[in-house]
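Trainee: Before we start, here is the structure in question, set down as structure tokens.
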Amino acid sequence: MSRFKNEIATIPAGVWLAAAGAYSGFAAFLWFVVLADPRFPPAERVAFAALPPLVVAIYALVGGYIFNDAKRRGMRHVMWTLLAVFIPNGIGIILYFLLREPVVAPCPACGAAVKGHFAFCPSCGAAVHPACPVCRKAVEAGWKSCAYCGSELNKA
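The opening position of the sequence shown corresponds to residue 0 in numbering that gives the first Met the number 0, with each subsequent residue numbered one higher.
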């Protein structure tokens, strides 16, 4: 499965149903109430009844994605969802994607949740990522020296 499909799969079924219901209800309202005037050209009527509800449905789906994605990353999911939905013009959504934390992964030793930038598990102390032998901060593969303290890293 592709990464996009994995990300879409994080949106709960209830949010998909709510988005479909919001789309259907808003489209029906526009079609039967707002656009009931026969002077509207048919092409404009269809476009106006289909596109604004689509924006509302996509906004609901993005809110559901942010809720589950923030929960999966160990962030305050309710706060981030409310910020993303209520800060106007999509600025909240942009802020979420700029400021979100790495995905939380399970510890290989004890299974506890470990944030992506940790070198050691906070529950059992097992090494999760390679660490500098001097300052014990996480380092990336391929580094020749530690970016935090400058000490030389082992070639092992």
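Cβ coordinates follow ideal geometry from the N, Cα and C atoms, glycine included. Keep in mind the model is a prediction, meaning the values are calculated, not measured.
Closer than 6 Å by C-beta to SER122: which residues in its own chain qualify, once you throw out the five before and the five after it? Chain order, please.
Mentor: Within the same chain, SER122 has close Cβ partners CYS109, ALA111.
Trainee: Checking the sheet assignment: what are the DSSP bridge partners for VAL113?
Mentor: In DSSP, VAL113 forms a bridge with ALA104.
Trainee: What span of residues does the alpha helix (DSSP H) with SER23 cover, start to end?
Mentor: First-last of the alpha helix (DSSP H) with SER23: 12-28.
Trainee: DSSP on GLU151, reduced to helix/strand/coil?
Mentor: Three-state DSSP puts GLU151 in a strand.
Trainee: Taking 8 Å as the limit between beta carbons, can you name the residues of its chain near PRO51, skipping five residues before and five after?
Mentor: Result list for PRO51: PHE25, LEU29, in chain order.
Trainee: Please name the residue in LEU94, PHE117, ALA17 whose C-alpha comes closest to that of VAL55.
Mentor: The shortest C-alpha separation from VAL55 is found at ALA17.
Trainee: Alpha carbon to alpha carbon, how far is ALA59 from TRP142?
Mentor: So the alpha carbons of these two residues sit roughly 42 Å apart.
Trainee: If you reduce the DSSP assignment to three classes, tell me which class PHE119 lands in.
Mentor: PHE119: strand per DSSP, three-state reduction.
Trainee: What's the gap between the Cα of CYS157 and the Cα of ALA12?
Mentor: What the structure shows of the chain is the stretch from 0 to 155, and residue 157 is not part of that stretch, so it cannot be assessed.
Trainee: For LEU47, tell me which candidate among VAL77, PHE31, GLY62, ILE57 has the shortest Cα-Cα distance.
Mentor: Residue 47 is actually Phe in this sequence, not Leu. Answer by Cα proximity: PHE31.
Trainee: For ALA69 and LEU94, I'd like the C-alpha separation in whole angstroms.
Mentor: Between ALA69 and LEU94, the C-alpha separation is close to 13 Å.
Trainee: Can you look up ALA130 in the DSSP assignment and give me helix, strand or coil?
Mentor: Correct three-state label for ALA130: strand.
Trainee: Would you mind reading off the limits of the alpha helix (DSSP H) that contains THR80?
Mentor: Taken as a continuous stretch (DSSP letters only), the alpha helix (DSSP H) holding THR80 covers 76-85.
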